[in-house]
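Here's the structure, in structure tokens; my notes come after.
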Amino acid sequence: MTFVVDDVTAFRYRSARLDRRTGLARFDYSFDGAGDHAFTETVQFALPASDSAVDWERVDAVVDLLGAVLGLSYYKAAAPARLVIEHPALTVGAVDYLARTLRFGLAEFAYRAGLAGFLEPVIETRATAPTRRPVVDLSTAQPLVPIGGGKDSVVSVESLAAAGLSPVQFAVNPNSIIRRVAEVSGWPLVEVTRRIDPLLIALNADGALNGHVPVTAMNSLIGVVQSLLLGLGPVVMSNESSASDPTLLWKGEEVNHQWSKSLEAEEALAAALDDQAGLRGAYFSLLRPFSELRIAQGYAHTSRYDSAIVSCNRAYRMGAGEARWCGDCDKCRFVFLAFAPSMSRERLVGIVGKNMFDDATQLQGYRALLGLDSHKPFECVGEEAECTVAMSMASRDPEWSESVVLRALVAEVPGLPQGDPVLEAQVFAESAAQSLPADYERARHAIV
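First residue of the sequence shown: 3, per this note's numbering; consecutive thereafter.
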């Protein structure tokens, strides 16, 4: 039976509950109309040996907010004009965060699905908003660091370790790549299992709307819950300055593939955690001031992760035990380019498995990264300015200048090797970021 999107009149967030004995959180949702489909998502958290010190009321408050954001995966299947929050009690600030995450975190989805515009459903709350909780500051406790198996989180972990802050690594549904990188670091890894309702997968194949969701917002909130359960401190992200750069303009407004990694989203979530659960210093990005090129320079200081890291989304989708760089996607192209000014050809080819600059089939992809062909890709890649600076630096390097891609780009843009000193200075300068406690400011600049 075909799922008819227009038959859905509302999406309901029905309940959220965390079993304090097992650590299993359960979230229930449903649609009105179209057969009244109901969904249940679960998240399995790690529990401490003793829960005597766990502030369960504060944990439950964040779980309620987490469920609202996880629900966007289901909401988008029909994107109805009403969103009803039935049982979980959310503050005004938490509801505002949900509305912003829905509008901007699903903007790419709305654009690519051909919807009329940005999603702004009427959000109805049925439960009484909770009273303001006393403030607790998490910034002085041991950090929890989400890792993804690529260069950025490696730089965060190494920076925190260099500053004596003893990071605990964290991942949702980790694969072999993430576990391999975590093992190289030597710091502990906490694993959480998220299970999406199979009915959603079935509906996606049966006419439901599907597309990009703000996964970083979801995993960030999962991380905050996990940190509270284990008595840890802030969730320290590895989002860089270019994550705030829009992918394109649509109807006069920005669409950003990486919105939930942006500074705007970081500050919005920090404010929502304060309002909903009284948490301060609970969430920030260590690498926010830096461009991808600065972070790549920081990574280049250590080589012990070279055989472990993979910054290729195709490899993650493959899920194979020994999945490596595909060498033929936007992410591979960008990371190869970002590393090129900071590494020898031998080292970089050893990491990725091929010289992407000597592969003529990569030329169009590099043209897109430089803004020579439409908008930048819907991927987690750097700004056009960063890509231009990196390509300019590579074109001046004898190790790269004679490669097929570099020769073709210099022929198209003759001024590329000369570069733009002002633009280069801007790319390597620090951008706006949340101010951090002294220990974290020291870590921020430990290796970058």
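Heads up, the beta-carbon is just placed ideally off N, CA and C, and yes, glycines get one too.
Is DSSP giving residue i helix, strand or coil here?
| i | result |
| --- | --- |
| Trp327 | coil |
| Glu59 | helix |
| Gln278 | helix |
| Asp361 | coil |
| Gln46 | strand |
| Arg335 | helix |
| Tyr301 | helix |
| Asp8 | helix |
| Tyr368 | helix |
| Trp252 | strand |
| Arg349 | helix |
| Val124 | strand |
| Asp422 | coil |
| Ser17 | strand |
| Val429 | helix |
| Ala322 | Any reading at Ala322 needs caution, since the residue's pLDDT is 49, under 50, leaving its predicted position unreliable; the model's value is listed next. DSSP places Ala322 in coil when its eight states are reduced to three. |
| Val237 | strand |
| Arg22 | coil |
| Arg135 | coil |
How should residue i be labelled, buried or exposed, when 16 other C-beta atoms within 10 angstroms of its C-beta is the threshold for buried?
| i | result |
| --- | --- |
| Arg290 | buried |
| Ser309 | exposed |
| Glu414 | exposed |
| His259 | buried |
| Val424 | exposed |
| Ile180 | buried |
| Ser222 | buried |
| Ala302 | buried |
| Thr133 | exposed |
By Cβ distance below 6 angstroms, which residues in the same chain neighbour residue i in space, the five residues on each side in sequence not counted?
| i | result |
| --- | --- |
| Val337 | Ser313 |
| Val64 | Val226, Val227 and Ala279 |
| Pro190 | Val170 |
| Gly421 | Ser394 |
| Arg398 | Pro419 |
| Ala362 | Val406 |
| Gly73 | Tyr15 and Tyr31 |
| Ser240 | Asp154, Ser155, Ser158 and Leu289 |
| Pro439 | Ser141 |
| Glu432 | Pro291 |
| Asp199 | Phe41, Thr42 and Glu43 |
Contact criterion: CB-CB distance below 8 angstroms. Does residue i meet it with respect to chain D?
| i | result |
| --- | --- |
| Arg326 | The displayed structure is made up of one protein chain only, and chain D is not part of it. |
Using 8 angstroms as the threshold, is the C-beta distance between residue i and residue j below it?
| i | j | result |
| --- | --- | --- |
| Asp332 | Val406 | no |
| Pro123 | Pro82 | yes |
| Leu67 | Gln278 | yes |
| Ala129 | Pro90 | yes |
| Ile353 | Asp154 | no |
| Ser244 | Glu385 | yes |
| Ala48 | Leu232 | yes |
| Thr249 | Lys378 | yes |
| Tyr99 | Leu230 | no |
| Cys389 | Leu411 | no |
| Gly355 | Arg326 | yes |
| Val183 | Phe292 | no |
| Ala143 | Gly235 | yes |
| Pro148 | Ala173 | yes |
| Leu275 | Ser246 | no |
| Leu350 | Ala342 | yes |
Spatial neighbours of residue i within its chain, please: CB distance less than 8 angstroms, with the 5 preceding and 5 following residues excluded, ordered by chain position.
| i | result |
| --- | --- |
| Leu205 | Phe5, His39 and Ala79 |
| His214 | Leu108, Glu110, Phe111, Arg114, His259 and Phe380 |
| Asp57 | Val138 and Leu230 |
Should residue i be counted as a contact of the ligand PLP given a C-beta to heavy atom distance under 7 angstroms?
| i | result |
| --- | --- |
| Pro148 | Ligands displayed in this structure: none; no statement on the ligand PLP is therefore possible. |
Using a Cβ-Cβ cutoff of less than 7 angstroms, which residues in the same chain neighbour residue i once the five nearest sequence positions on both sides are dropped?
| i | result |
| --- | --- |
| Glu426 | Val391 |
At which residue ranges does the segment 155-230 contain complete beta strand (DSSP E) runs of 3 or more residues, listed in the order of the chain? 170-174 and 191-197
What are the uninterrupted segments assigned as alpha helix (DSSP H) that are 4 or more residues long and contained completely in the segment 48-114, given in chain order? 58-72, 74-77, 94-107 and 109-114
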